[in-house]
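Trainee:
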Amino acid sequence: MDPRIEDHAEVLVDWSARVDEGDDVVLRVGPDAHELAVAVAEAVGERGANLVTVYDSNEVDRAYALAHESDFEENPAYELGLYENADVVLSVGGSRNTSEGSDVPAETRSAKTKARNGIREARLSTDWVSTVHPTRSLAQQANMSFEEYREFAYDAILRDWEALADQMANVKAILDDGSEVHLVKEDTDLTMSIENRTAVNSAASVAYDSHNLPSGEVFTAPHATEGEVFFDVPMTIRGERVQDVHLTFEDGEAVDYSAGQNEQVVGEILDTDEGARRLGELGIGMNRGIDRFTDSILFDEKMGDTVHMALGRAYDSNYPEGHEDEANESAVHVDMITDVSEDSFMEVDGEVVQRNGTFRWEDGFEE
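Everything in the sequence shown is counted per the working numbering, starting at 13 for the first residue and increasing by one.
(1) Quick one: what's got a C-beta closer than 8 Å to Leu176's C-beta in the same chain, skipping five residues either side?
(2) Determine the burial state of Met13: buried for a count of at least 16 other Cβ atoms within 10 Å of its Cβ, exposed for fewer.
(3) For Glu359, which residues does DSSP report across the bridge?
(4) Closer than 8 Å is the cut-off here; do at least three beta carbon pairs connect the region 282–297 with the region 328–343?
(5) Counting only the same chain and skipping the five closest in sequence on each side, list residues whose C-beta sits under 6 Å from that of Asp221.
(6) Would you report the Cα separation of Glu383 and Ala77, rounded to the nearest angstrom?
(7) Within 10 angstroms of the Cβ of Gln153, are there 16 or more other Cβ atoms? Answer buried if so, exposed if not.
(8) Helix, strand or coil for Ala236? Go by DSSP, reduced to three states.
(9) Considering only residues of the same chain and omitting the five flanking positions on each side of Val277, which have a CB-CB separation below 7 Å?
(10) Are there 16 or more other CB atoms within 10 angstroms of the CB of Ala185, so buried, or fewer, so exposed?
(11) From Gly130 to Glu333, what does the alpha carbon distance come to, in whole angstroms?
(12) Tell me the start and end of each unbroken alpha helix (DSSP H) in the region 162–223 that is at least 4 residues and wholly inside, in chain order.
(13) Per DSSP, which residues does Gly228 bridge with? Please list them.
(14) Helix, strand or coil: how does DSSP classify Arg253 here?
(15) Kindly provide the ranges of any alpha helix (DSSP H) runs that are 4 or more residues long and lie completely inside the region 16–68, ordered along the chain.
(16) Report buried or exposed for Pro146, applying the criterion of at least 16 other Cβ atoms within 10 angstroms of its Cβ.
(17) Give me the residue from Pro43, Asn182, Gly106, Ala151 with the minimum Cα distance to Glu374.
(18) Does the Cβ-Cβ distance between Asn70 and Ser122 come in under 8 Å?
(19) Grab the span of the alpha helix (DSSP H) containing Glu71 for me, first residue to last.
(20) Can you find at least 3 beta carbon pairs, one from the region 22–31 and one from the region 89–97, that sit closer than 8 Å?
(21) Between the beta-carbon of Ser191 and the beta-carbon of Asp361, is there less than 8 Å?
(22) Do Ile281 and Val241 have their beta-carbon atoms positioned less than 8 Å apart in this structure?
(23) Just to confirm my understanding: we take Ala29, look at its own chain, exclude 5 residues before and 5 after, and list those with CB closer than 7 Å. What are they?
(24) Any idea what DSSP makes of Glu112, helix, strand or coil?
(25) When DSSP labels each residue in this structure, what does Ser157 get in the three-state scheme?
(26) Report the residue from Glu119, Tyr161, Tyr95, Arg171 whose alpha carbon sits nearest the alpha carbon of Arg132.
(27) Between Ala127, Val104, Gly93, Ala75, which lies nearest to Asp115 when the distance is taken from Cα to Cα?
(28) By DSSP, does Phe311 sit in helix, in strand, or in coil?
(29) Classify Asp44 as buried or exposed, calling it buried when 16 or more other Cβ atoms lie within 10 Å of its own Cβ.
(30) Could you work out which residue in Glu262, His235, Phe231 is closest to Gly295 when comparing CA atoms only?
(31) Using the Cβ count rule (16 or more neighbours within 10 Å means buried), how would you classify Pro15?
Written out as structure tokens, the structure is:
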């Protein structure tokens, strides 16, 4: 086994999920993530925790969704119980086909998603962490050789996370103290209120209210969104390639949209429910170990010189204690990314904090 796989497992179990003796752990394993799953299982066992493994395949999900002709049962008790009784949920992605499921009808996909909302909420109430094992399908999607992609992935995953957390604390402090964010670039002039919100220093650990490995972003939950935004980073959403998305917001809701490719996917997302037309997240990428776009949201949204926003569900961690019920609710949380490396600036309460991807405390920042 490549020793980096064992290192990946150690980071996931110890730094990210903070697995302790006696914890009840659910391990969700993608079809091509076998090696990482073995290493994770060994690490969980060494720490004296309990383990249940679940096979998590998009191909299996597709077969079930296409064959199911009746209403989906709402939150089946046997599945709900698994997550309600778990302390930790580790999702180790590694699909064989990143476009699997693209032919599932939108109404079927939406109905299944809504029917599993309680299960999703139960999973998100645990110390959950999602990661991916570098696979050939992900390398192909990133237009890279397998060996090149593995080097890229481990550069992003095997980092000094504590040092990066210290850097990102600067942005968290600015957002926590701020009331309004203003983002400007080509085809983008957007204002968002962040008043009465708590930013998350997403340093790839549940100790920071962070649940992705790799991570490397600071995010908050905006509201009262006004203006327009252009997402120029291509991405695969629901198995479809989506590109050049333009959204217009009025009174906090998306009232118009367009896309250069697969525009109908954006429409399907917005029509999911009322909350899908509002932003649930504003994220600022700060992981400079990610140096190129790979068409994987787990990596791309964390890349330095990027900002991303998510339509739909907001995270409770962005709300002060006792105000979690104010979070935007939706059956979806769909991230989209804009490149801010050129001809852009971001202000917080009228003060420029980032220009052309460079923060005001970094070398090269232009007043």
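We treat Cβ as the ideally placed atom computed from N, Cα and C, and that holds for glycine.
Treat the numbers as computed from the prediction; the structure is a model and nothing was measured.
Mentor: Short version:
(1) Only Ala215, Gly228, Met298, Asn299 meet the Cβ criterion.
(2) For Met13, the number of other beta carbons within 10 angstroms of its own is below 16, and it is reported as exposed.
(3) His194, Val364
(4) yes
(5) Excluding sequence neighbours, Asp221 sits near Val212, Ser329.
(6) An answer regarding residue 383 cannot be provided, because it is not within the stretch 13 to 379 covered by the chain.
(7) buried
(8) strand
(9) Ile249, Arg250, Glu252, Val254
(10) exposed
(11) 22 Å
(12) 173–189
(13) None, per the DSSP bridge assignment.
(14) In this structure, Arg253 counts as strand in the three-state DSSP scheme.
(15) 46–58
(16) buried
(17) Nearest neighbour of Glu374 by Cα position, chosen from Pro43, Asn182, Gly106, Ala151, turns out to be Asn182.
(18) no
(19) 70–79
(20) no
(21) yes
(22) no
(23) Val100, Leu102, Asp139, Val141, Val218
(24) coil
(25) Ser157 sits in coil when the DSSP states are folded into three classes, being neither helix nor strand.
(26) Tyr95
(27) Ala75
(28) helix
(29) buried
(30) The shortest C-alpha to C-alpha distance from Gly295 to any of Glu262, His235, Phe231 is the one to Phe231.
(31) exposed
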